[in-house]
Amino acid sequence: MKRLSILGSTGSIGRNTLEIVARFPEKYSVAALAAKSNLALLCEQIRRFKPELAVVYDEKLAAELKNMLPNSEMPRILFGTDGYRASAALASADMVVTAMVGAAGVLPTLAAIDAGHDIALANKETLVVAGEIVMQKAAARKINIIPVDSEHSAIFQCLAGNRSQDVDKIILTASGGPFANTSADAMAAITPEAALKHPNWQMGPKITIDSATLMNKGLEVIEAKWLFGVSLSQVEVVVHPQSIIHSMVAYRDGSILAQLGIPDMKGAIAFALSHPERLPLGQPLPDFTGSGGIGGLTFQLPDKEKFPCLELAYGAAESGGTMPAVMNAANEIAVAAFLKHRISFTHIPEIIRIVMDAHPVITNPDIEALIEADRWSRAITLKQIDVN
Ligand SMILES: NC(=O)c1ccc[n+]([C@@H]2O[C@H](COP(=O)([O-])OP(=O)(O)OC[C@H]3O[C@@H](n4cnc5c(N)ncnc54)[C@H](OP(=O)(O)O)[C@@H]3O)[C@@H](O)[C@H]2O)c1
């Protein structure tokens, strides 16, 4: 029986994780659930999965949650950063699922490592902001960080049984998002409603917009660099609109290993929980030959001019130090402003670029310097949005 602390339990990854827990009750139980403010769903999850700890964003929400539960079903309830850290460090947990969104995942992830817990990592922003520190600490404590992101799960699976020194390239596939075929002239008029309709994946709003701008792929390039210890130049992006090949690893003998499956996050989530076992999920296999099958898998290069976020991410990773944290925070604020109709789709990369250009990079930052860079970037980005 593996006990899970699930951070971000009310989100898309969190809900899918709990579906797997519900399907395999002999294998998984819930030690802690953490969310931000969706109290109705969190309450339902608490009653069903009976965690010993629940965490919400602030004190007021914690008081509201207490009022919603009968005493007989009341877990310990905490709030804020200390609460999220406590849920990640909970002694009775065996594994922490980091499925909260954004840089808010950094401190709980570090707390999980300090507590000696393995991590199923969905929160890619943590590695973008603090990849070097997180991976060093995890290695020192011999903590397994198993990727939940479908691309990184694919790479993790394609690397198994091979020597890291034989890896030539990591090839990340990208769906291209809903605007792969939109003309450059029409990009500025894209609405949040249109951008929230991803062709292949059902995800939370922030990552869905990141997928539409290709920032998601940029964040994943940085995530791959840290997770798999490769150089930036070894990570390539290929647009593959069918999302059947979840990613590939090319080896120096010219062999390429790919991992395939239907686009459904349950496969990658389940594998992160059960590794090295594979759970009998009963997922349909991709249909290679039937009518409506996937006979026509296609691949193309990403359009870097139409989607400047990808290059911004490579640039941030090349600059290193505090720059990826600054880029990530600027992106979080710009995406939130776009979702509120305050800026246009094409303003997202423009604003991120302005903020990155204004940032004097600090090399070899400690965690405090990264948090300060994140705070600085958020403030400058908000000012920049007001100017627009
Ligand atoms: N969805 C996918 O298919 C997918 C695939 C690969 C990777 N990921 C990564 O997984 C993470 C979660 O994505 P998602 O799509 O599941 O997001 P989501 O649906 O928006 O859910 C986010 C979760 O985090 C909580 N949360 C939001 N802000 C928070 C904060 N400041 N502090 C603590 N908790 C907070 C939310 O609580 P409330 O509901 O109460 O607001 C919710 O439980 C992201 O890093 C994303 O990049 C997602």
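Using our numbering, you'd call the opening residue of the sequence shown number 729 and step up by one each time.
Glycine is no exception: its CB is placed at the ideal position from the N, C-alpha and C atoms.
Distance check for residue j and residue i, CA to CA, integer angstroms please.
i     : j     : result
T910  : L793  : 44 Å
L924  : G932  : 9 Å
L797  : T1017 : 52 Å
A760  : E1096 : 27 Å
R891  : Y979  : 9 Å
L789  : A940  : 32 Å
V965  : T901  : 6 Å
L1038 : A1045 : 11 Å
K1111 : A832  : 21 Å
N799  : L770  : 16 Å
A843  : A868  : 12 Å
T837  : P920  : 30 Å
I861  : D1015 : 42 Å
A750  : A791  : 28 Å
A763  : T854  : 17 Å
Assuming residue i contacts residue j under a Cβ cut-off of 8 Å, what Cβ separation, rounded to an integer in Å, is found between them?
i     : j     : result
V1160 : G904  : Residue 1160 cannot be examined here, being either before or after the span of the chain that is shown, 729 to 1116.
T1074 : A916  : 5 Å
L988  : I972  : 5 Å
L1007 : A998  : 5 Å
S1002 : A1058 : Rounded, the Cβ-Cβ distance is 37 Å, inconsistent with contact.
A1062 : I1082 : The pair is not a contact, with the Cβ atoms about 10 Å apart (cut-off 8 Å).
P1052 : I950  : 6 Å
F807  : Y785  : 6 Å
M823  : L732  : 6 Å
I'd like to know whether the C-beta atoms of residue i and residue j end up nearer to each other than 8 Å.
i     : j     : result
L735  : A816  : yes
V834  : A858  : yes
V977  : I883  : yes
L947  : V856  : yes
H926  : P906  : yes
A848  : A1000 : yes
D913  : N872  : no
I899  : S975  : yes
I1113 : A1101 : no
M1055 : L1040 : yes
E780  : S740  : no
Y1125 : L960  : Outside the displayed span of the chain (729 to 1116) sits residue 1125, for which this structure offers no information.
A922  : P969  : no
In chain order, what residues of the same chain lie with their CB nearer than 7 Å to the CB of residue i, ignoring the 5 residues before and after it?
i    : result
P991 : N928, W929, S971
R775 : E801
A866 : I841, I873
P803 : I774, P779, E780, L781, A782
S765 : V784, Y785, L789
N944 : I935, D938
When burial is assigned at 16 or more other CB atoms within 10 Å of the CB, is residue i buried or exposed?
i     : result
P1093 : buried
D938  : buried
H1069 : exposed
P1004 : exposed
G982  : exposed
G1024 : exposed
R813  : buried
P875  : buried
Q1028 : exposed
D1085 : exposed
D810  : exposed
If I measure Cβ to Cβ from residue i and keep anything under 8 Å in the same chain, skipping five residues before and after, which residues do I get?
i     : result
Q1011 : G989, I990, D992, K994, G995
Please go through the same chain and pick out, in chain order, the residues whose beta-carbon is closer than 6 Å to the beta-carbon of residue i, but skip the five residues on each side of it.
i     : result
A1065 : I1071, I1113
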